[in-house]
Amino acid sequence: MKDTVPTCDIEVEFAGGLDTLTIKQRKQFVIKVNCPELRITQLIAYLRKSVFAGKRDMFSEPPELVSPDEHLVDVEGDIPGKLNMNEHCKIRPGILVLVDDVDWELLGKGDCKIQGSKNVSFISSLHGG
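Under the numbering used here, residues 5 to 133 are what the sequence shown spells out, in order.
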């Protein structure tokens, strides 16, 4: 019998004008990351390269590698691809991040871990969000 890997099932929402920068100008994406947990900075790095067709710098800073080696995990759902677990991004100032409607600053900001099913919202306050 095949062992199943725990996954992170994430509903991602963009608001306050960020949705206008995403592919197909969508507000919501649902993804399944094939790993038991990930840091929000890893999710931000994946979203930066997979969701934002242009103007990526309005969403986050360029990615930082914590190791030169790639540790790729599969991502399924609305934006399938490979997430590099060694790639992290910092969010731009002016973007509020909520994890299950809780400000990520209360959850450790960049150290915030995502496990199981979560809703993650990115809201630009620069567009009146």
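C-beta atoms are modelled at their ideal positions from N, C-alpha and C, and glycine is treated no differently.
Residue pairing by DSSP places N123 opposite E15 in a beta bridge. A residue is called buried when at least 16 other Cβ atoms come within 10 angstroms of its Cβ; H75 does not meet this threshold and is exposed. Annotated three-state conformation of S71 is coil, per DSSP.
Between H92 and G114, the C-beta spacing is below 9 Å. If you check the CB distance, V124 and E17 come in under 9 Å. Between L51 and C12 a beta carbon distance of about 13 Å is seen, past the 8 Å cut, so the two are scored as non-contacting. Taking the CA atoms as reference points, E80 sits about 15 Å from G120. Secondary structure of G114 (DSSP, three-state): helix.
Secondary structure note for L87: its beta strand (DSSP E) is the uninterrupted segment 85 to 88. Note that the region 59 to 75 touches the region 88 to 103; at least 3 beta-carbon pairs, one per stretch, sit closer than 8 Å. Here Q32 is bridged, per DSSP, to E17. In its chain, beyond the 5 residues on either side, R52 have a beta carbon closer than 6 Å to the beta carbon of R60. For the set F126, I118, D104, the Cα lying nearest the Cα of P40 is the one of I118.
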